[in-house]
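A.B. asks:
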Amino acid sequence: MASSLITIQRDIILDAIRHAAGNDIVSICVVLGEYPVIRYYRPRTPTHEASVLCSHLARFVQDEIDRYAGMNRGFPPQNPRPRAVLLIADRSMDLFSPLLHEFTYQAMAHDLLPIKEGDKVTYKTVINEGSPKEEVKDMEIGDHDRVWVDYRHLHMKDVLERLADDFAKFRAANPQFADEASNVTVNTIKDMLAGLSDFQEGKNAYTLHLNMAQECMKYFQERNLLELSSVEQSLATGLDEDYKKPKNLAIQLVRLLDEQSIINSDRLRLIIMYLMYRDGLLGGDIRKLVAHAKLPQQDEEVIYNLDLLGARVQKPLKDTKPACQPLFPQKQPTATQEQDVSLSRFEPNVKRMIEEQIRGTLDPTVFPYTRPQTESEGAMREQISQSSLRSAKPTWARTRGSGDQPRQRIIVFVAGGATYAEARTCYEISQSSSKDVFLATSHMLTPGLFLRQLGDLSVDKRRLDIPAERPKPTAPAHLFEKDPPPPAAVKPSAAHAAPTAAMANMSLNSDRSNAQTPQPPQTANPPPPSGKLYMKTSCFSKMLSAFGFPLFSVAANFSVIVFAPLIPCL
1 MASSLITIQR DIILDAIRHA AGNDIVSICV VLGEYPVIRY YRPRTPTHEA SVLCSHLARF
61 VQDEIDRYAG MNRGFPPQNP RPRAVLLIAD RSMDLFSPLL HEFTYQAMAH DLLPIKEGDK
121 VTYKTVINEG SPKEEVKDME IGDHDRVWVD YRHLHMKDVL ERLADDFAKF RAANPQFADE
181 ASNVTVNTIK DMLAGLSDFQ EGKNAYTLHL NMAQECMKYF QERNLLELSS VEQSLATGLD
241 EDYKKPKNLA IQLVRLLDEQ SIINSDRLRL IIMYLMYRDG LLGGDIRKLV AHAKLPQQDE
301 EVIYNLDLLG ARVQKPLKDT KPACQPLFPQ KQPTATQEQD VSLSRFEPNV KRMIEEQIRG
361 TLDPTVFPYT RPQTESEGAM REQISQSSLR SAKPTWARTR GSGDQPRQRI IVFVAGGATY
421 AEARTCYEIS QSSSKDVFLA TSHMLTPGLF LRQLGDLSVD KRRLDIPAER PKPTAPAHLF
481 EKDPPPPAAV KPSAAHAAPT AAMANMSLNS DRSNAQTPQP PQTANPPPPS GKLYMKTSCF
541 SKMLSAFGFP LFSVAANFSV IVFAPLIPCL
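Residue numbers are given in full-length UniProt numbering: position 135 of the sequence shown equals residue 135, and the series is strictly consecutive.
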């Protein structure tokens, strides 16, 4: 019985994967006009059942795009652009990225602020503050907002500086609002914007992002994120701010768990990162940390569910297993690296994967191809490597037509959700290299959403309302009810005697009162009145049901009189 249940669950999962491959990833490739080389993530030492997810997904994508190319002779279209590369990964490739506090504007805002994500991404803020037109409004955040597009991938420190500089330029362009004696601060900017009457759209955009930046910095100070993120970076990278092996991390962890300013979700994130840094803990130590942090019991289930994503949660007292090696070695800092980016030392594995692919050094044992590499593909990889070297030339050494060459596309699909830090790295690589990087995913992850979905892994699936397991919609049952049997036919009355005998005994001179007047035979049902329609009860009930009225019982001799053309009762 257990084996059959596992088989059913596996078939449901594979059907969901096949649907995602056929309708989503392949659709992206078709829209872009790309027939890509496909590579997928395969862990070195898999320990969880979901480790085969990427291999199944890559195989389904390859089969579907081959089938599409076979049915469409014009695909892929002729193009001088180098053949694209599709990299398929899943969330288990990097479990630190959805847990870390990221201090770029977009990631920080989605982590700390109550941003609503649905058909539209909105944030509730106060506009025209301090004026008679003050109101609370849901402001949409999207690509139509130029301030958001320009600032979203910047560090929060740079966002605050640029907001002040841009507003100074705006104030210089509108001297009627200039006040040289005052310093440009967030509060003064908001006060001046409240007095503007023109340029309403730009005014609301500046107001929105000034409020959001101010709220982010307020939470940054209230929750002691400066000290917290310093420990997080050491846990994620395995190096301290001096790029040396960190010391006394356990003491720093316990001290942060005692801080009243650290909220429960941040404590849970910190414990999970410490557990992954240590490659597992003793069961008793996990319970002690959860109790010391005063976390609810369900948070312990969240921690143990990491095992389903390939992370080692619990280890024995005498552990002989070698330490788990990172997927990519930690890069050493460059001489030009600034000291003020110590809270951004961590780089997502997605970034390292793309960079290795561009250099042509991506490990084929960890990221194999769906098909054996041919000579042409090997030459293409060599061409990619050489082009990446050429892109390192100074601008004066490039030919005039080099900028017109079509750029190769790299499509990255992350199953299980991608983080905003990973989206930022794809954007940065596109800007700094000669490649166009596209990020595709099932959904965008915030730390809160990741923890909630991690906890759902141990919940009874009947409570999760999984779309693949919902009962298929059916037609109402009354549409399939059989019609009642027709009434039994009334037998005709016995034949009357021939009238000749009665006529023989008739006396024309007899009294009329003694005459036998023959009665006509009675029919089974009386005919309907002239110009009126008689409708059976069963037919009337069907018509009520067809038009959405509830059925109700009626007497056997109930009839409906309608003055309309005859409607057949089917």
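Note that beta-carbon positions come from the ideal geometry of N, C-alpha and C, so glycine has one too.
These figures come from a predicted structure and were not determined experimentally.
Rounded to whole angstroms, what's the CA-CA distance from residue 153 to residue 147? Just pull it up for me.
C.D. replies: The residue labelled residue 153 in the question sits at position 153 within the sequence shown. The residue labelled residue 147 in the question sits at position 147 within the sequence shown. Cα to Cα, residue 153 sits roughly 11 Å from residue 147.
A.B. asks: Do you know how far the Cα of residue 275 is from the Cα of residue 282?
C.D. replies: Residue 282 sits at position 282 when you count from the first residue of the sequence shown. Residue 275 sits at position 275 when you count from the first residue of the sequence shown. Their backbone Cα atoms lie some 10 Å apart in a straight line.
A.B. asks: Would you mind sorting residue 357 into buried or exposed? The rule is 16 or more other CB atoms within 10 Å of its CB.
C.D. replies: The count along the sequence shown starts at 1 and reaches residue 357 at position 357. It counts as buried.
A.B. asks: Report the three-state DSSP secondary structure of residue 123 (helix, strand or coil).
C.D. replies: Residue 123 sits at position 123 when you count from the first residue of the sequence shown. Reduced to three states, the DSSP call for residue 123 is strand.
A.B. asks: Tell me whether the segment 406 to 418 and the segment 209 to 229 touch, counting them as touching only if at least three CB pairs, one residue from each stretch, are closer than 8 Å.
C.D. replies: no
A.B. asks: Could you tell me whether any Cβ in chain D is nearer than 8 Å to the Cβ of residue 355?
C.D. replies: Protein chain content of the structure displayed is limited to a single chain, and chain D is not contained in it.
A.B. asks: In the structure shown, what three-state DSSP assignment does residue 41 receive?
C.D. replies: Taking the sequence shown and counting its residues from 1, one reaches residue 41 at position 41. Of the three classes helix, strand and coil, the one that applies to residue 41 here is coil, per DSSP.
A.B. asks: Suppose you measure from the CA of residue 27 to the CA of residue 223; what does that come to, to the nearest Å?
C.D. replies: Translated into positions along the sequence shown, residue 27 becomes position 27. Translated into positions along the sequence shown, residue 223 becomes position 223. When rounded, the distance between both Cα atoms is 43 Å.
A.B. asks: In chain order, what residues of the same chain have a beta carbon less than 7 Å from the beta carbon of residue 136, not counting five sequence neighbours either side?
C.D. replies: Counting from 1 along the sequence shown, the entry for residue 136 is found at position 136. Excluding sequence neighbours, residue 136 sits near 124 and 126.
A.B. asks: Indicate whether the contact test is met: 3 or more Cβ pairs, each with one atom in the segment 60 to 72 and one in the segment 323 to 330, closer than 8 Å.
C.D. replies: no
A.B. asks: Classify residue 38: buried if its beta carbon has 16 or more other beta carbons within 10 angstroms, exposed otherwise.
C.D. replies: The residue you call residue 38 lines up with position 38 of the sequence shown. With 16 or more other Cβ atoms within 10 Å, it is buried.
A.B. asks: Quick one: what's residue 409 bridged to in DSSP?
C.D. replies: To locate residue 409, count along the sequence shown from 1; it is residue 409. Note: residue 409 sits in a beta bridge opposite 436.
A.B. asks: On a Cα-Cα basis, can you pick out the residue from 216, 445 and 169 that is closest to residue 156?
C.D. replies: On the sequence shown, residue 156 is found 156 positions in, with the first residue counted as 1. Measuring from the Cα of residue 156, the nearest candidate turns out to be 216.
A.B. asks: Under 8 Å, with one C-beta from each stretch per pair, do the segment 38 to 53 and the segment 361 to 370 reach the 3-pair mark?
C.D. replies: yes
A.B. asks: Residue 288 lies in the alpha helix (DSSP H); which residues open and close that run?
C.D. replies: Along the sequence shown, one-based indexing puts residue 288 at 288. Unbroken alpha helix (DSSP H) run through residue 288: 283 to 292.
A.B. asks: Along the chain, where does the alpha helix (DSSP H) that runs through residue 107 open and close?
C.D. replies: Looking up residue 107 in the sequence shown gives position 107. From DSSP, the alpha helix (DSSP H) with residue 107 extends over 105 to 112.
A.B. asks: Quick test of your reading: residue 316 and residue 425, contact by CB under 8 Å. State the CB separation rounded to the nearest angstrom.
C.D. replies: Counting from one through the sequence shown, the residue named residue 316 turns up at place 316. Counting from one through the sequence shown, the residue named residue 425 turns up at place 425. Between residue 425 and residue 316 the Cβ distance is about 37 Å, and since that is not below 8 Å, they are no contact.
A.B. asks: Starting from residue 266, trace the alpha helix (DSSP H) in both directions and tell me its first and last residue.
C.D. replies: For this step, residue 266 is matched to residue 266 along the sequence shown. Here the alpha helix (DSSP H) through residue 266 covers 264 to 277.
A.B. asks: Determine the contact status of residue 346 and residue 236, defining contact as a CB-CB distance below 8 Å.
C.D. replies: In the sequence shown, the residue the question calls residue 346 occupies position 346. In the sequence shown, the residue the question calls residue 236 occupies position 236. Closer than 8 Å, so yes.
A.B. asks: With the cut-off set at 8 Å, would you say residue 268 and residue 295 are in Cβ contact?
C.D. replies: Here the question's residue 268 lines up with position 268 in the sequence shown. Here the question's residue 295 lines up with position 295 in the sequence shown. Yes, the pair counts as a contact, with Cβ atoms nearer than the cut-off.
A.B. asks: Go ahead and pull the three-state DSSP assignment for residue 218.
C.D. replies: By one-based count along the sequence shown, residue 218 stands at place 218. In this structure, residue 218 counts as helix in the three-state DSSP scheme.
A.B. asks: Should residue 473 go down as buried or exposed, given a rule of 16 or more other Cβ atoms within 10 Å for buried?
C.D. replies: Here residue 473 refers to the residue found at position 473 of the sequence shown. Its Cβ having fewer than 16 others within 10 Å, residue 473 is exposed.
A.B. asks: Going along the chain, which residues of its own chain have a beta-carbon closer than 6 Å to the beta-carbon of residue 138, five neighbours each way excluded?
C.D. replies: On the sequence shown, position 138 is the one that residue 138 refers to. Closer than 6 Å at Cβ, skipping near neighbours: 122 and 124.
A.B. asks: Within its chain, find whatever has a CB closer than 6 Å to the CB of residue 438; leave out the 5 residues flanking it on each side and keep chain order.
C.D. replies: The residue labelled residue 438 in the question sits at position 438 within the sequence shown. The residues are 411.
A.B. asks: CA-CA distance, residue 459 and residue 453?
C.D. replies: The residue given as residue 459 occupies position 459 in the sequence shown. The residue given as residue 453 occupies position 453 in the sequence shown. Computed Cα separation, rounded: 10 Å.
A.B. asks: If you reduce the DSSP assignment to three classes, tell me which class residue 369 lands in.
C.D. replies: Taking the first residue of the sequence shown as 1, we reach residue 369 at position 369. Of the three classes helix, strand and coil, the one that applies to residue 369 here is strand, per DSSP.
A.B. asks: Out of 206, 144 and 420, which has the shortest C-alpha to C-alpha gap to residue 168?
C.D. replies: As a position in the sequence shown, residue 168 is number 168, starting the count at 1. Out of 206, 144 and 420, 206 has the C-alpha closest to the C-alpha of residue 168.
A.B. asks: What's the call for residue 251, buried or exposed, on a 16-neighbour Cβ count within 10 Å?
C.D. replies: On the sequence shown, residue 251 is found 251 positions in, with the first residue counted as 1. Counting Cβ neighbours within 10 Å, residue 251 comes out exposed, since fewer than 16 surround it.
A.B. asks: Would you report the Cα separation of residue 298 and residue 305, rounded to the nearest angstrom?
C.D. replies: The residue given as residue 298 occupies position 298 in the sequence shown. The residue given as residue 305 occupies position 305 in the sequence shown. Roughly 11 Å separates the two Cα atoms.
A.B. asks: Taking 7 Å as the limit between beta carbons, can you name the residues of its chain near residue 160, skipping five residues before and five after?
C.D. replies: As a working mapping, residue 160 is identified with position 160 in the sequence shown. Excluding its 5 nearest sequence neighbours in each direction, residue 160 has C-beta neighbours in its own chain below 7 Å: 213, listed in chain order.
A.B. asks: Excluding the 5 residues preceding and the 5 following residue 311 in the sequence, name in chain order all residues of the same chain whose CB lies nearer than 7 Å to its CB.
C.D. replies: Your numbering for residue 311 matches position 311 in the sequence shown. 95 and 276.
A.B. asks: Does DSSP put residue 252 in a helix, in a strand, or in coil?
C.D. replies: Here residue 252 refers to the residue found at position 252 of the sequence shown. Looking at residue 252 - three-state DSSP - the assignment turns out to be helix.
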